[in-house]
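First the structure, in the form of C-alpha cells, and then the observations on it.
Here it is as C-alpha cells:
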C-alpha cells in the first residue's frame, strides 16, 4: 500500500493516476532517521487510508503526491511543485490547464522516405498549444526500416495523427517538437503522448504493440478507473524500456473518433505517457504476423487521464429556437456579473452582464432585441475565463415573437429592411395604392441614422407587418420583409366574355368607356403610353357590353408591374367553355396537394422532380376577392407530378375534375447489383448537405462520398463502404433536404466494382486469380521486374462448404501463391484489399499485367544496322580520291526549328497520367478554394479551362510553363506564378444570350469583355432588361430594353425563376471581366449592371 501523511490528505491535492517506470525514483536512505520516519509514516497511513475512502466517497477525487514504482514497496518521491497534473485544485481544472498540443494538420508526409511527399524524411504536424496560443510543429522521423501498407494514409485521421504498417513488421520513430517559424528544436517542460486503439486480428494475429522508454510516468485504463479492464498489457524489457501490447480483437468500426470523448472500450485500448523537459523520444510501433494492415493513432496530450474531465469543465450550450436571438461574447473575456435573470423583460440596449477585457477594461453586453430573457449561462462565476467554460460563446438567449414572413406571389415586390436595424414608422397601410419610389416605412441603424424604405414598383400594398411597433428590431421579422407591393387581381371573365389586353411594356393613361357601355369589335376602350412615349388606343376584341374594368389603375402606372395580366377591360358575350383536366394519379405512399373551392390558379413555385421541405411554398392561387393564397407542403418529399396545363387566371373549379394540383412522394431507391455496395445515411433525422464524389469516380473504403447534417446541424460524413467506382447517386437531393422525408431508403451512393485489368498489347500478359479467390497480399510492387515462376500475389481459396458472405475477414481454406507466367515488368497492379474476394472487388480475373518490353529480334536488327554503317564508312575511306575540283561556296541552310506550341504550358495530373494543355486566354475559371496544390474541384459558369482546354474535375496542377510545382502547398506563390504568366493574355469573353421573349426562336449572343456591361433590371427572374446605359457594351452590341437574359456562360437561365440563383450566375460570370467605365453606372449591382 502507499504511505500517506495527514498533510497529504489535508492539502486537497488531486490524485494523479500515473505509474513510474522501475528505477526512476529516488533510492531510500540508509540513515536511521529515515528508517524511523518511514515506520512512523507507515503507521499513520493506516488511519489515512480510512480518511482517504471518506474523501473519495464525498468528493469523487483521490489524493496526490505519492505514486507507486514497479518495484514492490518502493515509494517514488517526485518534485511536483510545478507539474500541472500535481497542482492543488480539481481534476477538471488540472486537465484543462495541462499543456495540450492540439494536432491540426499534416504539413509534410514522407516517413522513412516512403512518400507520398517528396523531399525531407519524416512527418511534420502543425499543432497549437491551447494554453499559450503558440503554434509548434510535432515532428516524427523514421529511424529504422519501414514497410507501410499505404504511405498516403499516414498523416491525419480526423483529430488524430496516424501511421500504418503491414503485419509482421515494425518501425522505430522519433517524436520531437520544433518552433513553427524558426524550425529550431523546442524543449517542452511538460509533454504527453497518448496512443489509441491497440487491438489485433482474429486468432491473435496482427497483434499491435508500442515500445517506449525515457518517460516520466504512464497510465492505463485501470489506473484511471480501477477494475475497468484495460486490454493493453504492460511488458518490462531487459533494456529498461516498456512494451504495451494489445490483447483483444478489434475492427475499424470500434476506432475512436474524438480523443476527448472515449467509450469504455476505447479507454481500455489506450495508454498515456508523461515527460519532463521533453526533447525527443523513440517509439517502436510493431504488428505481429497476419493478413491485415495495422493503423496506430496518437495525440500530444494526456487524453486518457483527462478524457472524462474535458467535457465536464464546459457548460452546456444554450439552446436557441427560430424566434430566439443569442448574445455572444469574446472567447478571451473574463466574466464579472449578471444584471438579468431568466424571465426578465428587456428592451434594446438594456444591460445583460459585464465582463473584463484583455486590456482590463470593463465591457457591458446589452440586449440587441426587445423580448424576454429565455436563458443565461448561470453557471458562470466571477473570474471565469469564457474560453474555458463555454464552447459556442453564447452567454444569453433572448426570446422574441417572430413575425411570420408575408406571402409573396409571382411578380410581387418585397420591401426589405437591413438586419439589425430598428423600426421607426409606417408611411402606408394595407390596401394602399403606391407608385414606384413612394415611401413605405422608416428604419434606424445602430448609428441612429434613419433610412426611408421606398416602393420598388407600382401597385397595391397587399400585406404589411402590422404588428411592428416603434423600437422593435427588424430581426423579429422572419425574413426582414416589411411590406409587399402586389398586383391587382385579374378581372373575372365569364364563359361568354372576351378580354381586352394591353401591349407589353405600356403605362396606363385613361379609360374611354365605362362599365355598362355597349361596344363593337375594334371600339377603343382605353389609352396607354408605350415605348417611345407614343399614346395608343386599346380596342375591344369582340362586340358586347363592358362588364368590368381595372378601376384601381392610376395614370403613369406600369401595367406589367401593377397587374397580374394585361386585361384591363372585359366585354361580355364571346368566350368558350374549356374541357376539364383529368385527375392526377396518386400512388400508395404519395399525397396530393389540394386547394379549397372557388380558387383561380396564379403560379407554380415547384416543378416536377423538385425536392420540397415542410412549409415550402408549392403554388399560388387567388380567392374570389383576389386575395393571394400560397399552398405549402405539409411534409418533406419530391414533386412527382402536377397539373401543367393550368394557366394563370384559370378558375380551378371550372377547368379541373378535382381539386388536386400536385402529387408529393419520395425518391425511388437506387439499384444495387451483386458485388456492389450502397453508402447510406445512419438511421435518424438527417438532412442532405452535399456530394463529394461523382459517378465514375474511384473511391477507397472509408472515403467521404457525401456529407449530411444531424439534428444539431453537425456535419456527418457518409463514407464509401468498399473500394470501387461510383456507379450512381441520388441526383435530385439538394442542400437541406430531409433524408427520411424525401427518400424511400437511406442509400445515397452505390459503389460498384473496380474495372478489370486488360493487357494493352501483344507484349503484355495478364496475371489472373482463380475463381472465388480471396486476396491476401502482394509479393511485388508496381514496376518491379520478375522472372517466370516468381511469386506475384497470395490468395486463399475458401472451402466449398464455407460461404463467403460480405465480410472482409477471410474464411479458412487453401492458401496458394499466384506465380508469374513469364518474365517481364509488373504493371497495372490492382489495389486489392486484403481479406476480400477478388470477384467482389473487380470485374474480370486479371489482377495485374506483365510487360515484356520490345521483342528480342530488335536487338539483333540494331546490331545488323550498326555493322552496315561500319562497312559503309570503311568503303568510303578505301575509295580512291577524285581530283580536286573547286566548287562554289554555298551558304548552309539553317535547320528549321521545331515549332513550339502557342500558349502557356500547363500540366495536370488526372490520377493516372499527366495531361498537357496550352492556355492562351485568361482567367482559367477553376474554383481552387484558395488551397494548393490546386485541384479542379469545380469550375465557374464560363470556365475557359473546362470549355476550351478540356480540364476535368479532380485534375491537379503540377507544372506551369517550364517550372514543376512539386505539390507546392503555398497557394499565394502558385497563384502569383499563374497571374504573372497570364497577365498579358487575351480575356476569355463572357457569352450572354438574349431573347425578345421566352418562346422566341431567335437568340442574340453577345460576348462581353469589360464590366459593367450596362444593363439594368429588377430583382426578379427571369431577368428582363429594363434599361440600357448609353455608351455601354450592351448598347454597342445592340441589346434592347425588354429583352430577356436566357443564358449566362454555360448556365441556362431561360426558365429559372430563382432570382438569387440567377444573380449568383450573373455575378460569377461578370466578375472576371476587365473593368471599364460607363456614364451613369459605376458598378455591377443587382439593379444596375
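In full-length UniProt numbering, the protein residues as written are 1 to 1089.
We put the beta carbon where it would ideally sit given N, CA and C, even for glycine.
For the beta strand (DSSP E) that residue i lies in, which residues bound it at each end?
i           : result
residue 374 : 371-376
residue 125 : 122-129
residue 464 : 459-464
residue 622 : 617-622
residue 793 : 791-798
residue 764 : 764-768
residue 236 : 233-236
Inspect the beta-carbon positions of residue i and residue j and report whether they are closer than 8 angstroms.
i           : j            : result
residue 519 : residue 546  : yes
residue 396 : residue 327  : yes
residue 530 : residue 505  : yes
residue 352 : residue 340  : yes
residue 241 : residue 175  : no
residue 167 : residue 292  : yes
residue 795 : residue 774  : yes
residue 186 : residue 173  : no
residue 404 : residue 453  : no
residue 757 : residue 846  : yes
residue 904 : residue 961  : yes
residue 996 : residue 1046 : no
residue 482 : residue 440  : yes
residue 816 : residue 792  : no
Put residue i into one of helix, strand or coil per three-state DSSP.
i           : result
residue 979 : helix
residue 495 : coil
residue 264 : helix
residue 181 : coil
residue 532 : helix
residue 284 : strand
residue 306 : helix
residue 476 : helix
residue 442 : strand
residue 136 : strand
residue 575 : With a pLDDT of 37 at residue 575, under the threshold of 50, the modelled position of this residue cannot be trusted; read the value that follows with caution. Coil, per DSSP.
residue 787 : coil
Between which two residues does the alpha helix (DSSP H) harbouring residue i extend?
i            : result
residue 739  : 739-742
residue 1067 : 1059-1070
residue 864  : 857-878
residue 593  : Careful: residue 593 lies outside any alpha helix (DSSP H), inside the beta strand (DSSP E) at 591-594.
residue 387  : 386-389
residue 559  : 559-562
residue 944  : 944-947
residue 324  : Looking at the DSSP string, residue 324 is not in any alpha helix (DSSP H); the run it does join, the beta strand (DSSP E), is 324-328.
Within its chain, find whatever has a CB closer than 6 angstroms to the CB of residue i; leave out the 5 residues flanking it on each side and keep chain order.
i           : result
residue 387 : 331
residue 318 : 375, 394 and 397
residue 785 : 825
residue 613 : 636
Might you give, ordered along the chain, the residues of its own chain that have their beta carbon closer than 7 angstroms to the beta carbon of residue i, omitting 5 neighbours on each side?
i            : result
residue 1026 : 1016, 1017, 1018 and 1041
residue 645  : 581
residue 295  : 162 and 164
residue 574  : A caution first: residue 574 carries a pLDDT of 46, below 50, which makes its placement in the model too unreliable to give a value.
residue 739  : 681, 686, 687, 688, 708 and 746
residue 478  : 402, 403, 404 and 405
residue 273  : 192, 193, 212, 215 and 218
residue 1033 : 1008, 1010, 1013 and 1014
residue 876  : none
Give every residue of the same chain whose Cβ lies closer than 8 angstroms to the Cβ of residue i, excluding the five residues on either side of it in the sequence, and list them in chain order.
i           : result
residue 346 : 340, 352, 367, 370, 371, 372, 373 and 398
Check whether chain B comes within 8 angstroms of residue i, counting only Cβ atoms and requiring the distance to be less than that.
i           : result
residue 207 : The structure shown contains no chain B; it holds only a single protein chain.
Indicate, with yes or no, if the ligand GTP has a heavy atom lying under 7 angstroms from the CB of residue i.
i           : result
residue 294 : Annotation note on the ligand GTP: not contained in the displayed structure, which lists no ligands.
Which residue spans inside the stretch 994-1042 form an unbroken alpha helix (DSSP H) run of at least 4?
Segments of the alpha helix (DSSP H) lying fully in the stretch 994-1042: 1033-1036.
Uninterrupted beta strand (DSSP E) stretches inside the stretch 817-851 (no shorter than 3 residues)
Those beta strand (DSSP E) runs which fall completely within the stretch 817-851 and span 3+ residues are 824-827 and 846-851.
Which runs of the beta strand (DSSP E) spanning at least 3 residues fall entirely within the stretch 633-694, listed in chain order?
The stretch 633-694 contains these whole beta strand (DSSP E) runs: 637-642, 660-665, 677-680 and 687-691.
What are the start and end residues of each continuous alpha helix (DSSP H) run of 4 or more residues lying completely inside the stretch 134-170, in chain order?
Complete alpha helix (DSSP H) runs here, min 4: none at all.
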